[in-house]
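Novice: Residue 325, in UniProt numbering, is where the sequence shown stops; the numbers in between run on with no holes. Backbone N, C-alpha and C define an ideal beta-carbon position, used for all residues, glycine too.
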Amino acid sequence: MKAVVITNPGGPEVLKIQQVENPEIGNKQVLIKVEATALNRADTLQRQGKYPPPPGASIYPGLECSGTIEAVGTDVTRWKVGDQVCALLSGGGYAEKVAVPAGQVLPVPPGVSLKDAASLPEVACTVWSTIFMMSKLSAGETFLVHGGSSGIGTFAIQIAKYKGARVFVTAGSEEKLAICKDLGADVCINYKTEDFVARVTEETGGKGVDVILDNIGGPYFQKNLNSLNIDGRLFLLGFQGGPVAEVNLAFILARRLTVQGAGLRTRSIESKAVIVSEVEKNVWPAIAEGKVKPVVYKSFPLSEAAEAHQLMESSKHIGKILLIA
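(1) Give a yes or no on whether the minimum CB-CB distance between Asp182 and chain D is below 9 Å.
(2) Under 8 Å Cβ to Cβ from Val292, same chain only, skipping five residues before and after it: list those, please.
(3) Looking at C-beta atoms only, is the number of pairs between the stretch 66-83 and the stretch 94-112 that lie closer than 8 Å three or more?
(4) If you draw a straight line from the alpha carbon of Val34 to that of Gln48, how long is it in whole angstroms?
(5) Span of the beta strand (DSSP E) holding Lys320?
(6) Since Gln19 sits in a beta bridge, which residues does DSSP pair it with?
(7) Check whether the stretch 92-102 touches the stretch 294-301, taking contact to mean three or more Cβ pairs, one atom from each stretch, closer than 8 Å.
(8) Which whole-angstrom value is the C-beta distance of Asn190 and Gln222, which I expect to be below 8 Å?
(9) So does the stretch 65-76 actually touch the stretch 14-24, counting three or more Cβ pairs closer than 8 Å?
(10) Confirm, please, whether the CB-CB distance from Phe196 to Asn215 is below 9 Å.
(11) Within a Cβ cutoff of 8 Å, which residues of the same chain sit near residue 349, ignoring the five residues on either side of it in sequence?
(12) Hey, quick one: how far does the alpha helix (DSSP H) through residue 331 stretch, first residue to last?
(13) Taking the alpha-carbon positions, what's the Gln260 to Leu144 distance?
(14) Output the distance between the C-alpha atoms of Gln19 and Ala306, rounded to the nearest integer angstrom.
(15) Could you tell me which residues DSSP pairs with Pro301 in its beta bridges?
(16) State the start and end residues of the unbroken beta strand (DSSP E) segment that holds Phe235.
(17) Determine whether the beta carbon atoms of Leu63 and Arg265 lie at a separation below 9 Å.
(18) Taking DSSP as the reference, what is the three-state secondary structure of Glu24?
(19) Do Val4 and Pro61 have their CB atoms nearer than 9 Å?
(20) Can you give me the Cβ contacts of Val169 inside the same chain, cut-off strictly under 6 Å, excluding the 5 residues immediately before and after it?
(21) Can the beta-carbon of Leu302 be found closer than 9 Å to that of Lys115?
(22) In this structure, how does DSSP classify Gln46 when only helix, strand and coil are distinguished?
(23) Evaluate Leu253 with the Cβ neighbour count: other Cβ atoms within 10 Å of its Cβ, from every protein chain shown; 16 or more gives buried, anything less gives exposed.
(24) Rounded to whole angstroms, what's the CA-CA distance from Gln310 to Asp210? Just pull it up for me.
(25) Which of the three DSSP states, helix, strand or coil, is assigned to Ile212?
(26) Do you know offhand how far Ser138's Cα is from Gly164's?
(27) Could you tell me the boundaries of the alpha helix (DSSP H) in which Thr126 lies?
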């Protein structure tokens with residue numbers, strides 16, 4: 001099969017398409033003939049040598065895919081050859097075929113094309129596990145997501161709104177904020193021209209928001225604490241601005257704040273299966289109702305993975321970028 005190989009750590013130009021061995025499946029795995037995969041920031045870090053795949057995972061990038069099941073392991077009962085699915089991966093999506101634990105496979109949601117379904121597993125599992133399973137966002141609460149126009153952001157806006165939250169977003173242009181508003185965001189803040197802490201304080205009558213999902217890290221840490229309500233929850237997904245911060249811990253005590261962080265990729269197979277099951281139960285109905293939709297900015301052929309990475313790192317995109325196998 002063909003796969004995108006990281007020839008050595010570096011910029012987008014190190015991504016090359018090559019002929020490689022087909023993956024072999026275990027008893028509890030399925031083999032998916034990949035229709036499409038979607039880019040994630042973690043892929044760019046892996047390309048730079050900063051985020052190696054966990055032990056036993058495919059060495060090729062790609063944390064989600066859609067496609068058709070080509071083979072099933074002897075212990076797999078739910079799935080059969082020919083099923084159209086999408087899947088959460090530990091790696092290997094940038095290829096024509098990938099082996100996946102059966103518990104990380106999802107049916108393509110009603111009303112979504114097989115290609116666009118590739119944009120859903122990673123964001124759905126990330127957002128559901130962080131802001132709902134761990135941070136317990138509930139109807140009537142307020143929620144702030146930084147980078148509202150990203151893949152994570154565009155999905156988080158929709159599912160949080162569907163679940164009855166008041167949604168705040170930050171983004172870096174009026175065009176991106178307009179898209180966020182169209183997706184359901186209630187309060188849209190341009191972080192380049194506004195102080196988001198002041199705006200959150202104003203919009204909440206001085207209380208702050210209940211849950212924040214942040215991928216910036218260090219530079220936003222104290223600002224996030226300042227923006228949280230009593231019993232507020234801050235969830236850290238990444239450190240695009242750097243991992244180091246100076247913090248006034250008094251805010252955490254005074255407001256009974258919770259700070260959490262987690263990634264999906266290094267979780268156990270069993271943990272991922274639980275999250276995938278919860279996503280199918282809670283998120284897939286929202287997609288079937290048309291209340292949550294894939295947001296796909298652009299698609300590239302697998303052979304143009306380098307160009308796709310350049311686009312992602314430019315941050316000009318809104319939503320997800322796909323690679324078509």
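Specialist: Concretely, from the data shown:
(1) Within the model displayed, chain D is absent; a lone protein chain is all it includes.
(2) The beta carbon of Val292 sits closer than 8 Å to the beta carbons of Phe155, Gln158, Ile159, Tyr162, Val283, Ala286 from its chain, once the five residues preceding and following it are set aside; these are given in chain order.
(3) yes
(4) 24 Å
(5) 320-324
(6) DSSP, once it has assigned bridges, lists Lys2 as partnering Gln19.
(7) Touching, no, given that fewer than three Cβ pairs across the two stretches are closer than 8 Å.
(8) 20 Å between Cβ atoms; not a contact.
(9) With a cut-off of 8 Å, the stretch 14-24 and the stretch 65-76 do not count as touching, because too few Cβ pairs lie within range.
(10) If you check the CB distance, Asn215 and Phe196 do not come in under 9 Å.
(11) Lying before the first or after the last residue shown, residue 349 is absent from the chain, which here runs from 1 to 325.
(12) The requested residue 331 is not part of the displayed model; the chain covers only 1 to 325.
(13) 15 Å
(14) 17 Å
(15) Ile324
(16) 228-236
(17) The beta carbons of Leu63 and Arg265 sit closer together than 9 Å.
(18) coil
(19) yes
(20) Val145, Gly148, Cys180, Ala185, Cys188
(21) no
(22) helix
(23) exposed
(24) 35 Å
(25) strand
(26) 7 Å
(27) 121-127
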